[in-house]
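Residues 259 to 584 (the numbering used here) are what the sequence shown spells out, left to right. Every residue, glycine too, gets a C-beta built ideally from N, C-alpha and C. As the structure is a computational prediction, the values presented were derived from the model and not from experiment. The next block holds one structure in the form of structure tokens; read it before the comments.
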Amino acid sequence: MLPTTPPHISGDLMPFLEFNSTAWAKLRADTPMTLSAQDIGHLRGINEQVNLKEVEQIYLPVSRLLNLYVGARRELYKATSKFLTNSAPDAESKRVPFIIGIAGSVAVGKSTTARILHALLAAWDKDLKVELLNTDGFLHPNSWLDEHGLMEKKGFPESYNRGGLLKFLSDIKAGKANVKAPVYSHLSYDIVPDEFTNFDQPDILIVEGINVLQSGSLPKHGQAIPYVSDFFDFSIFIDAEEDMVGKWYIDRFLGFRKTAFAAKDSYFHKYSLLDDAQAVATATQIWQNINRKNLRENILPTRPRADLILTKGSDHLIEKILLRKI
């Protein structure tokens, strides 16, 4: 099993403050609960156990923390705009969104975390525009992956249109209106041709994806290499022991046989016809050969780069929180 504490850092030198769920819950203060148990049921992913109590104890304090960060960022922006008034007269008129990155393994619960935070943050203020981007839309189309021999590495860094994602984030951060992102279909397991989601100057953008915290090669020949995380104002990593994540992946695969895989036009419809033993064997093989390898090589090494690490226990509930020291 791999450790849940960021590697090679210990004791007083570790740049994180550590909390258990009880201590973290006290940081909620008077943050109001804006979601019902029914709301949470709609936001919860397959085989996940998040409930009203966990939202109150874990996610409300996170939303309060993010509220403070957004407010501080706005004050800093105002100060910078005032400083630049003479050289950049239009600086204050541009809206600069606060971008939150959420990373972690497949099946660890990133999407549920993103949806819950989206709902909580949107409730701060009715005039606050909060939008959510899943980076699956920036995967290369299957035809491109086939041509380049990368279908078996779908979800690995090289399977993404990194340039397209960087351009999207650059336009969002620049305050441009009506920025378009490609649409990904989990039914067809592919990019939907000529279909886009429009993002129109959000106040807060949540970007969720397995590799969003990844860095890359060092600059060459004096030329800087931009990373997706360069555009983040705050980043979150959803963590759990490797063996747990593997079990959750297999359990989710089994659940999908009666839901997503059951549709006749699903790319994975053939898996809905497997019996339990066959399904477990297939899911285990996919986990070991693809998703576990991606976790070890590309996802887990990015964990120490996060501002907040939420670590789950075997029951899929968050039991430890690491917050980067300022």
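Cα-Cα separation, residue i to residue j
| i | j | result |
| --- | --- | --- |
| A435 | K505 | 42 Å |
| I579 | K284 | 13 Å |
| K311 | L318 | 10 Å |
| N556 | A295 | 35 Å |
| L445 | L326 | 38 Å |
| M259 | I508 | Per-residue confidence for M259 stands at a pLDDT of 43, beneath the threshold of 50, marking its modelled position as unreliable; the derived number appears in the next sentence. So the alpha carbons of these two residues sit roughly 17 Å apart. |
| H266 | K384 | Summary for H266: the model assigns pLDDT 47, below 50, so the residue's position carries little reliability; its value from the coordinates is reported in the next sentence. Approximately 44 Å between the Cα atoms of the pair. |
| L566 | A365 | 19 Å |
| F277 | I316 | 11 Å |
| W402 | N547 | 21 Å |
| L390 | E405 | 31 Å |
| A539 | R510 | 13 Å |
| P264 | D523 | Unreliable positioning characterises P264 in this predicted model, as indicated by a pLDDT of 49, which lies under 50. The coordinate reading is nonetheless provided below. About 42 Å. |
| I449 | R322 | 35 Å |
| D497 | V308 | 15 Å |
| I298 | V503 | 22 Å |
| L525 | Y418 | The residue you asked about is not Leu; residue 525 is Tyr in the sequence shown. Those two C-alpha atoms are separated by around 19 Å. |
| L532 | A482 | 49 Å |
Member of the options whose CA lies at the smallest distance from the CA of residue i
| i | options | result |
| --- | --- | --- |
| Y335 | V354, A539, L445, L386 | V354 |
| S473 | V465, I464, P484, E466 | P484 |
| W382 | P290, E276, E466, D394 | P290 |
| W545 | G413, T517, P273 | G413 |
| P272 | K368, K570, A564 | For the sequence presented, residue 272 should be read as Met rather than Pro. Selected option, being the one with the closest Cα: A564. |
| G433 | R420, Y418, L463 | L463 |
| F489 | E389, L471, S572 | L471 |
| R582 | F495, M502, R286, R554 | F495 |
| S363 | D573, L568, E577, Y447 | L568 |
| H398 | G422, A537, Q536 | G422 |
| N469 | R554, F426, I576 | R554 |
| N392 | W282, A537, E466 | E466 |
| E410 | D429, Y447, A377, K570 | Y447 |
Simplified DSSP state of residue i, which is helix, strand or coil
| i | result |
| --- | --- |
| Y485 | coil |
| E499 | coil |
| G359 | strand |
| A372 | helix |
| Y442 | strand |
| F274 | strand |
| N552 | helix |
| I464 | strand |
| N547 | helix |
| T263 | Annotation note: pLDDT 48 at T263 (below 50); position unreliable, coordinate value reported separately. Residue state, collapsed to three classes: coil. |
| I508 | helix |
| V538 | helix |
| T517 | coil |
| I584 | coil |
| L566 | strand |
| S493 | strand |
| K522 | coil |
Contact belief for residue i with residue j at Cβ below 8 Å, rounded distance in angstroms
| i | j | result |
| --- | --- | --- |
| S530 | R515 | 5 Å |
| K387 | P460 | 5 Å |
| N456 | K431 | 17 Å between Cβ atoms; not a contact. |
| I358 | K368 | At roughly 12 Å, the Cβ-Cβ gap does not stay under 8 Å, so I358 and K368 are not in contact. |
| E499 | R550 | Between R550 and E499 the Cβ distance is about 12 Å, and since that is not below 8 Å, they are no contact. |
| T371 | R302 | About 11 Å separates the two Cβ atoms, so there is no contact after all. |
| L293 | V320 | In fact, because the Cβ distance is near 13 Å, the residues do not count as touching under 8 Å. |
| D394 | Y442 | 4 Å |
| E306 | H527 | With 8 Å as the limit, E306 and H527 do not qualify as a contact, their Cβ atoms being about 24 Å apart. |
| L558 | V486 | With 8 Å as the limit, L558 and V486 do not qualify as a contact, their Cβ atoms being about 17 Å apart. |
Proximity test, residue i beta-carbon vs the ligand HEM heavy atom, cut-off 8 Å
| i | result |
| --- | --- |
| R515 | Among the components of this structure there are no ligands whatsoever, and the ligand HEM is therefore not found. |
Any alpha helix (DSSP H) of 4 or more consecutive residues that is wholly inside the segment 285 to 344 = 295 to 301, 318 to 341
query = Fully enclosed by the segment 362 to 435, which beta strand (DSSP E) runs are 3 residues long or longer?
reply = 388 to 392
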